[in-house]
Amino acid sequence: MADLTAIYGSPRRNGNTSTLLSKAVEGAREQGNTVKEYVLRDMNISPCLEIYSCKKDGECSIKDDFQGIRDDMLQSSGIMLASPIFFYAVTAHTKMFMDRFQSLWVKKYWINETPFGKWTPIRKCLFISAGATSGKKLFDGALYTMKYFCDTLDMEMWNSLLYRGLDGPKDVQKHEEYLQEARDAGRDLASSLS
Ligand SMILES: Cc1cc2nc3c(=O)[nH]c(=O)nc-3n(C[C@H](O)[C@H](O)[C@H](O)COP(=O)(O)O)c2cc1C
912 MADLTAIYGS PRRNGNTSTL LSKAVEGARE QGNTVKEYVL RDMNISPCLE
962 IYSCKKDGEC SIKDDFQGIR DDMLQSSGIM LASPIFFYAV TAHTKMFMDR
1012 FQSLWVKKYW INETPFGKWT PIRKCLFISA GATSGKKLFD GALYTMKYFC
1062 DTLDMEMWNS LLYRGLDGPK DVQKHEEYLQ EARDAGRDLA SSLS
């Protein structure tokens, strides 16, 4: 049995990426795995203020909903994160949340002096994204962000589901195959962790 955390990064509660992620959550729960879900738009999470009090011990001095989600993520072996593309990047909600993990980056690289690029993955990540257009580079910015976010959390980018041409909040529902793919990915991620 595995513990996973699912992070919904879209401001739309029932839009394309939220629908896809909820399918992945269903898939992950099929075998009795535990998945905690967080909707970032409903959380109280400050952006990083660059105070750098985390240089002392890796703890962020801004106390809000970040700490609870972080602790769940650190106890999880699987993370599922969904964000649509906003101006070729992840959403502001997602990025504000990610930036708070600078405290963990500081702990890993400055306090514990982990050599860059030398770490063992201890958790796996499924990234789900969608954008309205069909550009070849649509997901490049978000994937770079994810790469370094994964590094900070000692996390392997296990799989990413990237869907072009989705704009209206129900567009994804016209693609049963996308929903099935998300469900399968959640199930396969969870079974790869057990
Ligand atoms: C502020 C904003 C910026 C956006 N920027 C892009 C973009 O750069 N490229 C693109 O293809 N779609 C862009 N979109 C469209 C969304 O990515 C698209 O509607 C997506 O399906 C929304 O996913 P959701 O329903 O999960 O929120 C943007 C939408 C908004 C609101």
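If you're matching positions, the sequence shown starts at 912 in the working numbering and goes up one per residue. Cβ coordinates follow ideal geometry from the N, Cα and C atoms, glycine included.
Discussion item. Tell me which residues share the same chain as Arg940 and place their Cβ nearer than 6 Å to its Cβ, disregarding the 5 neighbours each side in the sequence.
Written reply: Position 29 of the sequence shown, counting from 1, holds the residue named residue 940. Counting only Cβ-Cβ distances below 6 Å, and skipping sequence neighbours, we find Val946.
Discussion item. Are there any heavy atoms of ligand 1 lying less than 8 Å away from the beta-carbon of Leu1049, as far as the coordinates show?
Written reply: Counting from one through the sequence shown, the residue named residue 1049 turns up at place 138. Result yes, Cβ under 8 Å from ligand 1.
Worksheet item: Under the rule that 16 or more other beta-carbon atoms within 10 Å means buried, what is Gly989, buried or exposed?
Response: Your numbering for residue 989 matches position 78 in the sequence shown. So Gly989 counts as buried.
Worksheet item: Exposed or buried, what is Trp1069 when buried is set at 16 or more other beta-carbons lying within 10 Å of its beta-carbon?
Response: On the sequence shown, position 158 is the one that residue 1069 refers to. The residue in question, Trp1069, is buried, as its Cβ has 16 or more Cβ neighbours within 10 Å.
Practice prompt. With a threshold of 16 other CB atoms inside 10 Å of the CB of Arg1094, please say whether the residue is buried or exposed.
Written response: Position 183 of the sequence shown, counted from the first residue, corresponds to residue 1094. The residue in question, Arg1094, is buried, as its Cβ has 16 or more Cβ neighbours within 10 Å.
Practice prompt. Check whether the region 1086-1104 touches the region 1035-1046, taking contact to mean three or more Cβ pairs, one atom from each stretch, closer than 8 Å.
Written response: yes
Practice prompt. Take every Cβ of the region 1071-1090, pair it with every Cβ of the region 961-968, and state whether three or more of those distances are shorter than 8 Å.
Written response: No, they do not touch.
Fill in: For review: beta carbons within less than 6 Å of any heavy atom in ligand 1
Ser921, Arg923, Gly926, Asn927, Thr928, Ser929, Pro995, Ile996, Phe997, Phe998, Tyr999, Ala1041, Gly1042, Ala1043, Thr1044, Leu1049, Leu1077, Asp1078 and Pro1080
Worksheet item: Opposite Val950 in the DSSP bridges: which residues?
Response: Looking up residue 950 in the sequence shown gives position 39. DSSP output for Val950 lists Tyr919 as bridge partner(s).
Fill in: First through last residue of the beta strand (DSSP E) which encompasses Met1066
Counting from 1 along the sequence shown, the entry for residue 1066 is found at position 155. Counting along the chain, the beta strand (DSSP E) containing Met1066 begins and ends at Met1066 to Tyr1074.
Discussion item. Helix, strand or coil, according to DSSP, for Ala1043 in the structure here?
Written reply: By 1-based counting over the sequence shown, the position of residue 1043 is 132. Reduced to three states, the DSSP call for Ala1043 is coil.
Item to complete: Please specify which runs of the beta strand (DSSP E), each continuous and at least 3 residues long, are wholly inside the region 949-1030, giving them in chain order.
Response: 989-995
Discussion item. So the candidates are Tyr1055, Arg981 and Phe997; which of them puts its Cα closest to the Cα of Glu928?
Written reply: Position 17 of the sequence shown holds residue 928. Reading off the sequence, residue 928 comes out as Thr, not Glu. Out of Tyr1055, Arg981 and Phe997, Phe997 has the C-alpha closest to the C-alpha of Thr928.
Item to complete: Check the DSSP bridge columns for Cys1036 and list the partner residues they point to.
Response: Reading the sequence shown from its first residue, position 125 is the one you call residue 1036. The beta-bridge partner set that DSSP reports for Cys1036 consists of Ile990 and Met1068.
Practice prompt. Would you identify the three-state DSSP class for Asp1078, choosing helix, strand or coil?
Written response: Indexing the sequence shown from 1 puts residue 1078 at position 167. The answer is coil: DSSP assigns Asp1078 none of H, G, I, E or B.
Discussion item. Do Gly926 and Met991 have their beta-carbon atoms positioned less than 9 Å apart in this structure?
Written reply: Translated into the one-based positions of the sequence shown, residue 991 becomes position 80. Translated into the one-based positions of the sequence shown, residue 926 becomes position 15. In this structure, Gly926 does not lie closer than 9 Å to Met991 by Cβ.
Item to complete: Would you mind reading off the limits of the alpha helix (DSSP H) that contains Val936?
Response: Along the sequence shown, read from residue 1 onward, the residue named residue 936 stands at position 25. Taken as a continuous stretch (DSSP letters only), the alpha helix (DSSP H) holding Val936 covers Asn927 to Arg940.
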